[in-house]
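Here the structure is laid out as structure tokens; the discussion comes afterwards.
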Amino acid sequence: MEEKQLLAALIDAGLRPAPFPPGALPLALTPGGQALPHLLIDRGQNRVAAAAILTACRAIGTITLDAGLAARGDRLAVAAALAAAGLPRPETRLTCSATAALDTLGRFGYPATVLPVTAGGEPIAILDLDTAEAVLEHREVLGTSHEALSLIQAGAPATRWPVIVVGGVAVATMSGATGEPLPALARELAEAATVTLGAAIVAIEIARVDAGLVVWDAAAVPEFRQATAIGSHSVATAVAELAQARLTAEQTRPASEHELIPLTTTHRREAVTHGVVLTA
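Sequence positions in the sequence shown follow our numbering and run 561 to 840.
Laid out in structure tokens, this is it:
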């Protein structure tokens with residue numbers, strides 16, 4: 561649904577976008593190796609593939625609208641950058657084993673939250689010791705080696721607001737679980753976190769803890785079907801305007817190259833015409 565809204569908004573902005581499935585074609589890593597999109601909007605659900613595609617496209621000069629460090633890194637990199645920038649954060653520890661995680665949870669107390677280091681993994685609220693042992697043992701014994709790594713954050717706050725930021729401006733939010741409206745400070749924190757991450761499009765989750773508001777997490781691919789606009793623009797419209805602005809600022813290619821022939825089955829193994837595409 562979000563992708564349909566984005567495609568419609570891009571068309572309304574005078575662009576001719578198309579979806580770009582990650583498996584559509586191999587990507588050259590050198591300029592001139594093949595024609596690639598002039599601008600790529602990251603909506604990739606497979607974050608491993610999406611990060612690789614972003615790296616390849618940036619290497620040959622494609623403009624990308626993505627979540628910056630949150631799109632190409634992992635939660636550890638994001639948490640470290642936010643902390644280094646001095647933004648308010650929950651008490652957080654990196655743990656590399658179930659034993660270390662259990663020790664940290666014991667020090668923090670319950671509830672607490674386990675966040676997989678790998679991008680895209682769902683946070684897990686840990687309410688008691690029994691839950692902690694079951695979750696951590698499963699991740700360490702049955703998961704991959706990456707799943708032994710976790711960020712442990714103190715608390716499991718009920719009041720959280722995902723704030724969608726486009727081009728450095730908060731444009732939409734989801735109501736917190738308690739229905740509390742978005743505080744002005746939460747918007748400011750989300751915008752500041754976006755600058756730190758170098759993100760063009762991102763959802764920054766702001767949470768209320770005992771000490772006040774903190775930057776809790778970041779999502780590289782925001783869901784905005786049920787989001788409430790903060791200003792006059794929808795998320796899709798804001799993204800389309802940002803795409804148009806980035807293309808306008810780029811003066812090295814003719815305006816005709818801002819269009820794209822739709823990626824049909826026939827075109828998938830051919831070179832992609834310069835234009836605007838959305839990864840899926």
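Note that beta-carbon positions come from the ideal geometry of N, C-alpha and C, so glycine has one too.
Practice task
Find out if the Cβ-Cβ distance for the pair Val-723, Ala-767 is shorter than 8 Å.
Solution key: The residue you call residue 723 lines up with position 163 of the sequence shown. The residue you call residue 767 lines up with position 207 of the sequence shown. Not closer than 8 Å, so no.
Handout entry: Option in Gly-666, Gly-604, Met-561 with minimal Cα separation from Ala-780
Key = In the sequence shown, the residue the question calls residue 780 occupies position 220. Among Gly-666, Gly-604, Met-561, the Cα nearest to that of Ala-780 belongs to Gly-604.
Practice task
May I ask which residues mark the beginning and end of the beta strand (DSSP E) holding Ala-672?
Solution key: Here residue 672 corresponds to residue number 112 of the sequence shown, with the count starting at 1. Per DSSP, Ala-672 belongs to the beta strand (DSSP E) from 672-676.
Handout entry: Nonlocal neighbours in the same chain, by C-beta distance under 6 Å from Pro-581, ignoring five residues either side
Key = The residue given as residue 581 occupies position 21 in the sequence shown. Excluding sequence neighbours, Pro-581 sits near Ala-840.
Exercise for the section: Excluding the 5 residues preceding and the 5 following Ser-657 in the sequence, name in chain order all residues of the same chain whose CB lies nearer than 8 Å to its CB. Expected result: Locating residue 657 in the sequence shown gives position 97, counting from the first residue. Only Glu-700, Ala-708 meet the Cβ criterion.
Problem - Gly-791 classed as buried or exposed, judged by whether at least 16 other C-beta atoms fall within 10 angstroms - result: What you label residue 791 is simply residue 231 of the sequence shown in a count that begins at 1. Per the 10 Å Cβ criterion, exposed.
Handout entry: Reduced DSSP secondary structure (H/G/I, E/B, other) of Leu-807
Key = Mapped onto the sequence shown, residue 807 falls at position 247. Of the three classes helix, strand and coil, the one that applies to Leu-807 here is helix, per DSSP.
Problem - Any 3 or more C-beta pairs closer than 8 Å across the stretch 740-747 and the stretch 682-696 - result: no
Practice task
Using beta-carbon positions only, say whether Ile-761 and Val-729 come within less than 8 Å of one another.
Solution key: As a first step, residue 761 is located in the sequence shown; it is residue number 201 there, counting from the start. As a first step, residue 729 is located in the sequence shown; it is residue number 169 there, counting from the start. In this structure, Val-729 does not lie closer than 8 Å to Ile-761 by Cβ.
Handout entry: Straight-line Cα distance separating Phe-784 from Gly-628
Key = The count along the sequence shown starts at 1 and reaches residue 628 at position 68. The count along the sequence shown starts at 1 and reaches residue 784 at position 224. One C-alpha to the other measures close to 19 Å.
Exercise for the section: Could you say which of Thr-590, Asp-777, Val-795, Val-608 lies nearest to Ile-620 if we only look at CA atoms? Expected result: By 1-based counting over the sequence shown, the position of residue 620 is 60. Closest by alpha carbon: Thr-590.
Practice task
Tell me whether Thr-622 sits in a helix, a strand or coil according to DSSP, three-state version.
Solution key: Looking up residue 622 in the sequence shown gives position 62. If DSSP states are grouped into helix, strand and coil, Thr-622 belongs with coil.
Practice task
Keeping to the same chain, check which residues put their C-beta closer than 8 Å to that of Ala-803; ignore five residues upstream and five downstream.
Solution key: As a first step, residue 803 is located in the sequence shown; it is residue number 243 there, counting from the start. Excluding sequence positions up to five before and after Ala-803, its CB lies within less than 8 Å of the CB of Leu-570, Ala-573, Leu-575, Leu-599, Ile-601, Leu-625, Val-836, all in the same chain and listed in chain order.
Exercise for the section: Would you check if there are 3 or more beta carbon pairs closer than 8 Å linking the stretch 662-673 to the stretch 631-649? Expected result: no
Practice task
Please classify Asp-777: does DSSP put it in a helix, a strand, or coil?
Solution key: Taking the sequence shown and counting its residues from 1, one reaches residue 777 at position 217. Collapsing the DSSP output to three states places Asp-777 in a strand.
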